[in-house]
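There are 2 protein chains.
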Amino acid sequence: MSRAERLLDLIQILRRHRRPVSGRSLAGEMGVSIRTLYRDIATLQGQGAPIEGEAGLGYVLRPGFMLPPLMFTDEEIEAIVLGSRWVAKQPDWRLANAATDALAKIAAVLPDDLREELDASTLLVGSRTEVTEGIDLGVVRQAIREERKLSFVYRDAGGAASERTVWPFALGFFDKVRVVAAWCEMRQDFRHFRADRISGLNATEMRYPRRRQVLLKEWRATLDTPT
Amino acid sequence: MSRAERLLDLIQILRRHRRPVSGRSLAGEMGVSIRTLYRDIATLQGQGAPIEGEAGLGYVLRPGFMLPPLMFTDEEIEAIVLGSRWVAKQPDWRLANAATDALAKIAAVLPDDLREELDASTLLVGSRTEVTEGIDLGVVRQAIREERKLSFVYRDAGGAASERTVWPFALGFFDKVRVVAAWCEMRQDFRHFRADRISGLNATEMRYPRRRQVLLKEWRATLDTPT
DNA sequence: GAGACTGCTGCCAGAATCTGGCAGTGGCAT
DNA sequence: ATGCCACTGCCAGATTCTGGCAGCAGTCTC
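Residue numbers (the numbering used here), protein chains in the order written: chain A, 1 to 227; chain B, 1001 to 1227.
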């Protein structure tokens, strides 16, 4: 096995452990000496991997994705850049920042001439209306990732307000509004909540009792066979 | 210099040459024997680089971007995936396909669990209106990349049609319409053309006499100081 | 067709790199 | 105080990489 592959494997093994892992056990798992493991960790950190080692504890990998060397065509890169620029203009400021950061990371590793081409890239996204949702969609995305319940006050189209506790599993981006798709405990059914009608958003510690993917799948089934 | 860096350098050198380059001269340029160069080429091809070698001629690299190993945070990947999904729903089918391909390439190199997470990713893009422009925006993008003139018939807001030859340098994506930004030979000024009012699009062989980046910069200056 | 040039592969010895073990330093938790 | 643990320098042996050589096949020029 080549060194490059081993480094990728190491990332995957680290990903699987949420608690700190000792270098010794990592070395064992990869069939490699502990000395080499330390070198591999150093190499990965040099490549920007957010691995943290603490004496007396072990190693932790902050969640993230490691991509191996990858080749894209002109159009594929254009598509990614355009898409990221669109995201960068979304009202969800945290996601927008992430898009900007991602573009910066890509630009940082490109040679000068390609970076210029990227900067001066000619696919532009029209500026969005500056409506902000009033709530932090980052909270919603995190709740979705961690499969935790959300509670908030929802004001429906008629103006009536109600307190909801929901199991969020998807976030839809439309032209003008963001929509949270969730199982509503009150209605005992799937419901869609426009982000601009949500207030008093509260991320709870409670995990909801079903898998996000399953909810997503069932919800899609209800869409395919509209009543 | 490590092998990995050398491979990246090789890609960059190949990028600079448009005509086929012989392995011997590439080897010289990189300070490496020709035998090693052949091995490097094989490695790059193994990684998916579109390098083509023909006996009696030399090597050509089909245009594209090579990204080194890269680390993204959760949110950065979410941003890229969401952005690419948005692009994948654009009416510009060629760009949309490129976005789909790019996502597939990323998914292909991820370990299984991450790939599932990506597939079941919970950020969705609302389906677009199915308006097609009637023209192939891929032609426009290619003309922009290659700095070539375009000619077409344009029907303005009043309904009056006119034949134009323009120097396209940017493409804007708005909620409902795509807009080509270009220097119009007829008006001798910058003009914006809504894609849905363009017909009889014709990509010419003629290069326009100015750099795309310069046009873009001047055009931006006109936007910053509106009359 | 002949010759020159080129891509491409197998082989092998020397060069370069990687690896594992050892010793040592310092931080952290019990 | 003791036991883990991260981390570094050092060095010999294992591994990989590299360069040179020989040989085959395809393309172009003359």
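For every residue, glycine included, the Cβ atom is placed at its ideal position computed from N, Cα and C.
is_contact[residue i, chain A] using C-beta, thresh 8 Å
i, result
"ALA1203 (chain B)", "no"
"THR1036 (chain B)", "no"
"ILE1106 (chain B)", "yes"
"SER1002 (chain B)", "no"
"GLU1078 (chain B)", "yes"
"ARG1194 (chain B)", "no"
"ASP1156 (chain B)", "no"
"GLN1012 (chain B)", "yes"
Proximity test, Cβ basis, 8 Å: residue i and chain B
i, result
"VAL87 (chain A)", "yes"
"ALA144 (chain A)", "Contrary to the premise, residue 144 (chain A) reads as Ile rather than Ala in this sequence. By this cut-off, ILE144 (chain A) is an interface position."
"GLU75 (chain A)", "yes"
"LEU228 (chain A)", "The first residue shown for chain A is 1 and the last is 227, placing residue 228 (chain A) beyond what the model contains."
"GLY53 (chain A)", "no"
"SER22 (chain A)", "no"
"LEU150 (chain A)", "no"
"GLN213 (chain A)", "yes"
"ALA161 (chain A)", "no"
"ASP101 (chain A)", "yes"
Rounded separation between residue i and residue j - CA only
i, j, result
"ARG1197 (chain B)", "ALA1182 (chain B)", "15 Å"
"GLU1116 (chain B)", "ILE1106 (chain B)", "12 Å"
"LEU1057 (chain B)", "ALA221 (chain A)", "56 Å"
"ILE1144 (chain B)", "GLN1012 (chain B)", "22 Å"
"LEU1215 (chain B)", "THR1204 (chain B)", "19 Å"
"PHE173 (chain A)", "ASP9 (chain A)", "35 Å"
"LYS1176 (chain B)", "ILE41 (chain A)", "48 Å"
"SER2 (chain A)", "ARG39 (chain A)", "15 Å"
"ASP189 (chain A)", "ALA1079 (chain B)", "29 Å"
"ARG187 (chain A)", "ARG1094 (chain B)", "43 Å"
"GLY200 (chain A)", "VAL153 (chain A)", "6 Å"
"ASN202 (chain A)", "GLU163 (chain A)", "11 Å"
"THR122 (chain A)", "SER1022 (chain B)", "33 Å"
"PRO1111 (chain B)", "ALA1160 (chain B)", "56 Å"
"ARG155 (chain A)", "CYS184 (chain A)", "14 Å"
"ALA1096 (chain B)", "ARG24 (chain A)", "47 Å"
"LEU44 (chain A)", "THR1043 (chain B)", "21 Å"
"ALA1049 (chain B)", "TYR59 (chain A)", "34 Å"
Whole-Å CB distance - residue i paired with residue j, under 8 Å assumed
i, j, result
"LEU1014 (chain B)", "ALA1027 (chain B)", "LEU1014 (chain B) to ALA1027 (chain B), Cβ: 12 Å. No contact."
"PHE1072 (chain B)", "ALA102 (chain A)", "6 Å"
"LEU67 (chain A)", "ILE51 (chain A)", "About 16 Å; that fails the 8 Å criterion."
"GLY1134 (chain B)", "TRP86 (chain A)", "Rounded, the Cβ-Cβ distance is 23 Å, inconsistent with contact."
"LEU150 (chain A)", "ALA195 (chain A)", "Going by Cβ atoms, the distance from LEU150 (chain A) to ALA195 (chain A) rounds to 12 Å, so no, they are not a contact pair."
"ARG141 (chain A)", "LEU171 (chain A)", "6 Å"
"ASP1074 (chain B)", "PRO63 (chain A)", "5 Å"
"ARG1212 (chain B)", "PHE1169 (chain B)", "5 Å"
Practice task
Check distances from the C-beta atoms of the region 59 to 71 of chain A to those of chain B and list, in chain order, the residues that come in under 9 Å.
Solution key: Correct list: ARG62, PRO63, GLY64, PHE65, MET66, LEU67, PRO68, PRO69, LEU70, MET71.
Problem - Contained beta strand (DSSP E) runs [length at least 3] in the region 151 to 192 of chain A, N- to C-terminal order - result: Taking 3 residues as the shortest admissible run, the region 151 to 192 of chain A contains the following complete beta strand (DSSP E) segments, listed from N- to C-terminal end: 161 to 173, 178 to 184.
Exercise for the section: Scan the region 1163 to 1187 of chain B for residues whose Cβ lies nearer than 7 Å to a Cβ of chain A and list them as they occur along the chain. Expected result: Listed in sequence order: PHE1169, ALA1170, LEU1171, GLY1172, PHE1173, PHE1174, ASP1175.
Exercise for the section: Return the chain-ordered ranges of every alpha helix (DSSP H) run that is complete within the region 1094 to 1126 of chain B and spans a minimum of 4 residues. Expected result: Counting only runs that start and end inside the region 1094 to 1126 of chain B, the alpha helix (DSSP H) elements of at least 4 residues fall at 1112 to 1119.
Practice task
Note down, one range per segment and in chain order, each beta strand (DSSP E) of at least 3 residues found wholly within the region 12 to 54 of chain A.
Solution key: The region 12 to 54 of chain A is shown to contain whole beta strand (DSSP E) runs of 3 or more residues at 51 to 54, in chain order.
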